[in-house]
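S.K.:
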Amino acid sequence: MSISIPRGTQDILPGEVEKWQLIEAKARELCEKYQYQEIRTPIFEQTDLFARGVGDTTDIVQKEMYTFEDRGGRSLTLRPEGTAAVVRSFVEKKMFGYPNQPVKLYYMGPMFRYERPQAGRFRQFVQFGVEALGSNDPAIDAEVISLAMNLYKEMGLKKLKLVINSLGDKESRTAHRNALVNHFQPRIGEFCQDCQNRLEKNPLRILDCKQDHNHELMKTAPSIIDYLNDDSKAYFEKLQQYLTQLEIEFVVDPNLVRGLDYYNHTAFEIMSDAEGFGAITTLCGGGRYNGLAEEMGGPETPGIGFAMSIERFIAALKAEGIELEINQGIDCYLAALGEEAKDYTVGLLQKLRLAGVSCERDYLNRKVKAQFKAADRLNAKYVAVLGDEELANNKINLKNMATGEQVEIDLTQFVEYFQELKR
Ligand code: ATP
Ligand code: MG
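Here the sequence shown is numbered in full-length UniProt numbering, starting from 1 and rising by one per residue.
1. Could you check whether the Cβ of Y31 sits closer than 7 Å to any heavy atom belonging to the ligand ATP?
2. For P110, list the residues DSSP reports as bridge partners.
3. Taking 7 Å as the line, does the beta carbon of D137 fall inside it for any heavy atom of the ligand MG?
4. Please classify G285 as buried or exposed, where buried requires at least 16 neighbouring CB atoms within 10 angstroms.
5. What is the rounded straight-line gap between the Cα of T77 and the Cα of F50?
6. Just to confirm the assignment, what range does the beta strand (DSSP E) spanning N264 have?
7. Is the stretch 127-137 close to the stretch 80-93, with three or more CB pairs under 8 Å?
8. Cβ-heavy atom distance between L204 and the ligand ATP below 7 Å?
9. For A315, count neighbouring C-beta atoms within 10 Å of its own C-beta (all shown protein chains included) and say buried if the count is 16 or more, exposed if not.
10. From the DSSP output, which residues share a beta bridge with T77?
11. Below 8 Å between beta carbons: does that hold for R361 and A392?
12. Could you pull the start and end residues of the beta strand (DSSP E) that L162 belongs to?
13. Please classify S75 as buried or exposed, where buried requires at least 16 other C-beta atoms within 10 Å of its C-beta.
14. Which partner residues of F396 appear in the DSSP bridge assignment?
15. Within 7 Å: the Cβ of D208 and any heavy atom of the ligand MG?
16. Please state whether DSSP places S309 in a helix, a strand or coil.
17. Give me the Cβ distance between H215 and E249, rounded to the nearest whole Å; I'm assuming they're in contact under 8 Å.
18. With H, G and I counted as helix, E and B as strand and the rest as coil, what does DSSP make of residue 431?
19. Run the proximity test for D141: is its beta-carbon closer than 7 Å to any non-hydrogen atom belonging to the ligand MG?
20. Assign L292 to one of three DSSP states: helix, strand, or coil.
21. The alpha helix (DSSP H) spanning A234 covers which residue range?
22. Is there at least one non-hydrogen atom of the ligand MG closer than 7 Å to the beta-carbon of D56?
23. Using 10 angstroms around the beta-carbon of N365, count the other beta-carbons present and answer buried if the total reaches 16, otherwise exposed.
24. Looking only at DSSP bridge pairs, what is Q118 linked to?
25. Does the stretch 42-58 come close enough to the stretch 179-190 to have 3 or more Cβ pairs within less than 8 Å?
26. Should G287 go down as buried or exposed, given a rule of 16 or more other Cβ atoms within 10 Å for buried?
27. What number of angstroms, rounded off, separates the C-alpha of Y263 from the C-alpha of P110?
28. Does the beta-carbon of V257 have 16 or more other beta-carbons within 10 angstroms, so that it is buried, or is it exposed?
29. In terms of alpha-carbon separation, which member of E323, Y289, Y417 lies closest to V87?
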């Protein structure tokens, strides 16, 4: 019996992987411009980190974690998201003491969630995310949002929709929370078990329920917008002013919630509006989490970030019919005939490669004609032909595959000649 790939995972093969590399490179390039630095945290963490850092009323913690016990009896979990670990590291490494504040970090790597696999939903997926810790200025919220938007735009996406909301500060949220409890309590029996548990722990999450979202009480539920105090309103207005200044279009959706206790003020999602993108349209989610560092045992530190998966990024490109320009083809194929010539190419390849030339040769003992065919398949710009006779005369024959033009070059000068040609 053969073994197949685990459910909800994928092999990214050559031909496809180049798209990933382009997106990843663009993300790194933008982070450099925006001055976010990379942080790499472990793929697994103590399970408690996510119970605390993501919230034990969330779907992630309740249903989706890959948790296991190691041989030492510790409960560990494959990371389902990136923020918790970044904030853990921020606290543990005392980054709050760095002279440069806010601390602006980004991460990129695989995340793991035990979900029902479907289009755009995998059990292992790659997230790119940023976190800015230490500033409470709405300008940084706007910066974080613009970084995500610009990444999508620079890769060619046009059908984007930015949705924002404010969850307010602690005071506003407490007032809203009480209103939600009063609203749902009398008829909570009509809701799913998850929602019944959420009522006391985190009633905001009821609004996010996928099972009960059509219940009539959902439509009449008190909106956070009506509970924002003056400070929260001013913060939200400032953010909108900055987004407008940056010419980033947005819509305000008071039902957009990211229901962790320490989430506050800004919440946002970027969706794809492209036809045929499918049921799952969210490309990126983010928000402000001013209480999280304290929850992790650090000093009170404001923070904001987002996370997006490369999988959904690529799906959105496909839905908009965008083919990324993939730079394919090699500089030179070394075709050899005869034993001595073949031996000689071993060293010549090495010299070319060290000189920055991408090149390939035959390893299957093919005839010259078949070697030319292989060169074609590799999209070689040049084919250099070396026979034992040329070798004896210290010459090599170089053919430009685009023009058909051929020249004979001194073998000792070949690498330099080629370097010059590339320039
Ligand atoms: P959803 O409502 O789609 O489950 P979420 O709220 O669980 O999203 P977040 O935890 O905010 O998503 O993750 C941020 C981003 O990571 C999402 O916007 C999406 O791009 C991506 N993402 C989340 N889960 C998956 C998954 N299982 N497969 C691929 N991408 C994912
Ligand atoms: Mg999810």
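Here a beta-carbon is modelled for each residue, glycine too, at the ideal position from N, C-alpha and C.
M.R.: Quick answer:
1. By 1-based counting over the sequence shown, the position of residue 31 is 31. It should be noted that the sequence gives Cys, not Tyr, for residue 31. Checking the Cβ of C31 against the ligand ATP gives no.
2. Taking the sequence shown and counting its residues from 1, one reaches residue 110 at position 110. BP columns for P110 point to V126.
3. Taking the sequence shown and counting its residues from 1, one reaches residue 137 at position 137. Not so, every heavy atom of the ligand MG lies at least 7 Å from the Cβ.
4. The residue labelled residue 285 in the question sits at position 285 within the sequence shown. Burial call: buried.
5. Walking along the sequence shown from the start, residue 77 turns up at place 77. Walking along the sequence shown from the start, residue 50 turns up at place 50. Cα-Cα distance, rounded: 8 Å.
6. Stepping through the sequence shown from its first residue, residue 264 is reached at position 264. Its beta strand (DSSP E) spans residues 264-272.
7. Judged by pairs of C-beta atoms under 8 Å, the stretch 127-137 touches the stretch 80-93, as three or more such pairs exist.
8. Indexing the sequence shown from 1 puts residue 204 at position 204. L204 Cβ: outside cutoff for every heavy atom of the ligand ATP.
9. Your numbering for residue 315 matches position 315 in the sequence shown. A315 comes out buried.
10. Mapped onto the sequence shown, residue 77 falls at position 77. Its beta-bridge partners are E45, T67.
11. The sequence position of residue 361 within the sequence shown is 361, counting from 1. The sequence position of residue 392 within the sequence shown is 392, counting from 1. Contact: no.
12. Locating residue 162 in the sequence shown gives position 162, where the first residue counts as 1. Element bounds for L162: 160-166.
13. What you label residue 75 is simply residue 75 of the sequence shown in a count that begins at 1. When all chains shown are included, S75 counts as exposed.
14. In the sequence shown, counting from the first residue as 1, residue 396 sits at position 396. It is worth fixing the name first, because residue 396 is Ile in this sequence and not Phe. According to DSSP, which records beta bridges pairwise, I396 is partnered with I409.
15. Position 208 of the sequence shown holds residue 208. Checking the Cβ of D208 against the ligand MG gives no.
16. Here residue 309 corresponds to residue number 309 of the sequence shown, with the count starting at 1. S309: strand per DSSP, three-state reduction.
17. Looking up residue 215 in the sequence shown gives position 215. Looking up residue 249 in the sequence shown gives position 249. Not a contact, Cβ separation roughly 32 Å.
18. As shown, the chain starts at 1 and ends at 423. That puts residue 431 outside it, with no answer to give.
19. On the sequence shown, residue 141 is found 141 positions in, with the first residue counted as 1. D141 Cβ: outside cutoff for every heavy atom of the ligand MG.
20. Reading the sequence shown from its first residue, position 292 is the one you call residue 292. In this structure, L292 counts as helix in the three-state DSSP scheme.
21. Along the sequence shown, one-based indexing puts residue 234 at 234. Where A234 is concerned, the enclosing alpha helix (DSSP H) stretches over 230-245.
22. The count along the sequence shown starts at 1 and reaches residue 56 at position 56. Taking non-hydrogen atoms of the ligand MG into account, the C-beta of D56 is found less than 7 Å away from none of them.
23. The residue you call residue 365 lines up with position 365 of the sequence shown. Classification for N365: exposed.
24. Locating residue 118 in the sequence shown gives position 118, where the first residue counts as 1. Bridge partners of Q118: R121.
25. Short answer: they don't touch.
26. The residue given as residue 287 occupies position 287 in the sequence shown. The residue is buried, with at least 16 neighbouring Cβ atoms inside 10 Å.
27. Here residue 263 refers to the residue found at position 263 of the sequence shown. Here residue 110 refers to the residue found at position 110 of the sequence shown. About 24 Å.
28. By 1-based counting over the sequence shown, the position of residue 257 is 257. Its Cβ being crowded by 16 or more others within 10 Å, V257 is buried.
29. Taking the sequence shown and counting its residues from 1, one reaches residue 87 at position 87. Nearest C-alpha to V87: Y289.
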